[in-house]
Amino acid sequence: PVPPPAGPDVVTAVPGWLREARRLAGRHGQEQIRDALDALAVERARPVFRVAVVGEFNRGKSTLVNRLMGRDLLPTGSLPVTRGPVTVRPGPEEALTVRWPDGRRERRRLGTDGDGERAAPGAPGAAPWEGLTGPAEAEGSGTAGGAPERSLHLTVPDGWLAGRDLELVDTPGVNAGPTDRFELVRRTTAGSDAVLFVVSALSPMGLSERRLLDEEVLCRHVPFTAVVVTMLDLVDADDRQEALDHLRARLSDLPGVPVLAAPAPGGGEDELRALRELVDSYAESSGRAAWRDRGIAAQVADHCDALTRIATEAMAAARLSEQEAARAADRVRGRRADEEHRWEQARIDLTSRRIALVERFHEHLRKERDALVERLRWDLERAPDPGVWWERDLPFRLRHELSVLARTAERSILLPALSADIARLDREVARWLPDAAPGSAPAALHLSAEPEISGEVGNLSRTRLATRVGAQGGAVVGYLVAAVRAAPMPMVYGVGFSLLGGLLAESSIRSATEQQRREVDAVLVRVVDESTAHFRRQADEVLSGVYDEAFDRLHRSHLLWSDALSTAADPATPGTDWTDLSRSAAGLAARIRSALRS
């Protein structure tokens, strides 16, 4: 992602701004705003950069996470141990939280041995992992068939994770369990900011691993990817560098993917330092922490504006007679009800415009679909080996064509319409909330659709929403991350290949009969139709989320003004220094917005 135009002062100042605003709200009896500021503080405490550790079974993924953390946190062993993703986050103490599919939460402290030392995972004293590890066949959890999987979150007091806003996710071996486990890994990868792809020096980068790297990591446009080679300590010392050089040569067609040596157990400090520095560079260049802090800062400024308005209205109300104050309170309550009605109408109008945009988008896809079918027919006619083209080239062509469709739709249809719709909403709001400053449409809406060679079509894997919708024009920059579960390649794709396999195996489809050609063409058209239909559904979901996010942020921000009016209409709290609140809150809001503009 492009780093935001925010200097380090914004990032370092946000905690102090939050504390100052919270003190103002609490000291002057504004519990609702204080609670909202507390929620922002909780949001800021969550890690913003996710690193997934991915690879096949028995490649040392959990050992690598333990080494990165400098302690034995995760179970390791020669058998499949990790059943589902385990998220390691910074926290006040070492503890494991299990979230069960039925909604239960269970917190387990890490075990200790008889001398008070923490037992290694899997050791007799390590009860926290009981029932959570082991081979798939011993699981017996009933997760097959797509039932919800329990989630595991491990908190550790670690300065490296906390300082970089990191979380590490240890994933199961992709070839060591049922299909639904592979889906868990796929979704984790799609929702990550970086991937450490783990291979063993004893069997470096086989065909299945290279396919996994290409199709489940690189094709999902994970921003940062590195290959980490484990078990080098089991290779003769004289051969270790040669093993690394050989692997780098095999991956030379991926210049953006570095190959690093994993730190050896009980040593490898240089390798550990290099790996941590690489992750640090990924987190710093992503800019996600800065985007988040800018958004939080703008919302703090909005809350300060609300405090200022409350103080101003309260001071005005204090000068009224009892009868005048009662009439003013009635007017405020009536205005609040009227505003809610107007907001509901605005939402209905925006939803109608989103539906109209979706229809335009669908029409664009229908037109492009016809041209796509013609291009694929042309390619198939001239393929020297139709069977190879169908099985290997067609998925790649679909990926490319749908990606082009996504980029074209974004530039020519989606962003212009979204900008116009939000501008219209701004004008409507300005008619009945003249104090409100306009929001703005997303600066970028990145859509990608990726039919995979493994037999999967369509993945709007990451949609970034960078938008400014603060009530007073503050830069509220958020991320709408849609990690959509990839759908299988249309069933007709595999069925068609099996039914037409004999014909597709011919040296040229041009020698086929007219009936055979029609059969192949019908299957090809159905593959395209089902692929584009899946892409269309995913795009619709993302558009709906973007519109809802933009509207809700704007609505929540403007509700501060209504809350301010309602609070000010109540009798003033005895002893409240409204002048101090007005001056202090306005000053803090001005400082924040000055920093955001710099």
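In the numbering used here, the protein residues as written are 1 to 598. Backbone N, C-alpha and C fix where the C-beta goes; we use that ideal spot for every residue, glycine too. Just so we're clear, the structure is a prediction, and the values are computed from it rather than from any experiment.
Environment of residue i [buried if 16+ CB atoms lie within 10 Å]
i	result
Gly293	First, the amino acid is wrong: residue 293 is Asp here, not Gly. Asp293 is buried by the Cβ-count criterion.
Trp291	buried
Arg67	buried
Pro15	exposed
Ala383	buried
Lys61	buried
Asp580	exposed
His341	exposed
Asp305	buried
His400	exposed
Trp100	exposed
Glu215	buried
Leu207	exposed
Gly84	buried
Asp158	buried
Pro451	Because Pro451 carries a pLDDT of 32, less than 50, the predicted location of this residue cannot be relied on, and the following value inherits that uncertainty. Label assigned to Pro451: buried.
Pro255	exposed
Arg104	exposed
Asp238	exposed
Asp165	buried
Thr408	exposed
Arg431	exposed
Trp417	It should be noted that the sequence gives Ala, not Trp, for residue 417. By the neighbour-count rule (16 or more Cβ atoms within 10 Å), Ala417 is buried.
Ser531	buried
Arg610	Missing from the structure shown is residue 610; the chain here goes from 1 to 598 and no further.
Close-in-space but distant-in-sequence residues of the same chain around residue i (CB under 8 Å, 5 per side omitted)
i	result
Val373	Leu524, Val525 and Val528
Pro47	Arg89, Pro90, Leu161, Asp165, Leu166 and Glu167
Thr202	Correcting the residue identity first, residue 202 is Leu in this sequence and not Thr. Correct list, in chain order: Met231, Leu234 and Val235.
Beta-ladder partner(s) of residue i, from DSSP
i	result
His153	Thr87 and Thr97
Thr225	Val195
Asp170	Val53 and Val86
Thr76	For Thr76, which the question treats as bridged, DSSP gives no partner whatsoever.
Thr576	Paired residues: none, contrary to the question.
Arg369	The partner list for Arg369 (beta bridge, DSSP) is empty, contrary to what the question assumes.
Arg109	Ala95
Thr351	Answer by DSSP bridge pairing: none, since Thr351 is not bridged.
Thr230	Ser200
Contacting residues, own chain, Cβ-Cβ under 7 Å from residue i (five flanking each side not counted)
i	result
Leu168	Val51, Val53, Val65, Leu68 and Val88
Asp421	Leu350 and Arg353
Ser582	Thr308, Ala311 and Thr312
Val174	Glu56, Phe182, Val185 and Leu212
Leu74	Ser62, Val65, Asn66, Val86, Pro121 and Asp170
Ala13	Ala595
Pro244	According to the sequence as given, residue 244 is Leu; it is not Pro. Within the same chain, Leu244 has close Cβ partners Val229, Val259 and Ala261.
Pro4	With a pLDDT of 45 at Pro4, under the threshold of 50, the predicted position of this residue should be treated as unreliable, and no value is reported.
Arg107	Ala95 and Thr97
His364	Ala409 and Ile413
Same chain, Cβ closer than 6 Å to residue i, neighbours up to 5 away in sequence not counted
i	result
Trp578	Ala311, Ala314 and Met315
Ala589	Ala301, Cys304 and Asp305
Pro204	Leu247
Arg392	none
Chain D contact for residue i (CB, 8 Å cutoff)
i	result
Gly163	No chain D appears in the structure shown, which is made up of a single protein chain.
*Residue ranges of each beta strand (DSSP E) run of no fewer than 3 residues wholly in the region 187-219, ordered along the chain?*
With a minimum length of 3 residues, the continuous beta strand (DSSP E) runs that stay inside the region 187-219 are 194-200.
*Okay, do the region 285-305 and the region 246-263 touch, 3+ Cβ pairs below 8 Å being the bar?*
These segments do not touch.
*Which ranges does the beta strand (DSSP E) cover as unbroken runs of at least 3 residues, wholly within the region 244-317, from first to last along the chain?*
Listed in chain order, the complete beta strand (DSSP E) runs (minimum 3 residues) inside the region 244-317 are 259-261.
*Decide yes or no for the touch test of the region 181-199 against the region 223-238: beta carbon pairs closer than 8 Å, at least 3 of them.*
By the Cβ test, the region 181-199 is in contact with the region 223-238, since at least three Cβ pairs between them sit closer than 8 Å.
*Between the region 81-101 and the region 229-246, are three or more C-beta pairs nearer than 8 Å?*
Segments in contact, no.
*When the Cβ atoms of the region 25-32 are set against those of the region 265-273, are three or more pairs found closer than 8 Å?*
Flag = no, the region 25-32 and the region 265-273 do not touch.
*Can we say the region 414-428 touches the region 346-354, given the rule of at least three CB pairs closer than 8 Å?*
Proximity of the region 414-428 to the region 346-354 meets the contact definition, three or more beta-carbon pairs being nearer than 8 Å.
*asked:* Counting beta carbon pairs with one atom in the region 274-288 and one in the region 537-547, are three or more of them shorter than 8 Å?
replied: They do not touch, by the three-pair rule.
*Residue ranges of each alpha helix (DSSP H) within the region 379-424, 4 or longer*: Complete alpha helix (DSSP H) runs here, min 4: 394-409.
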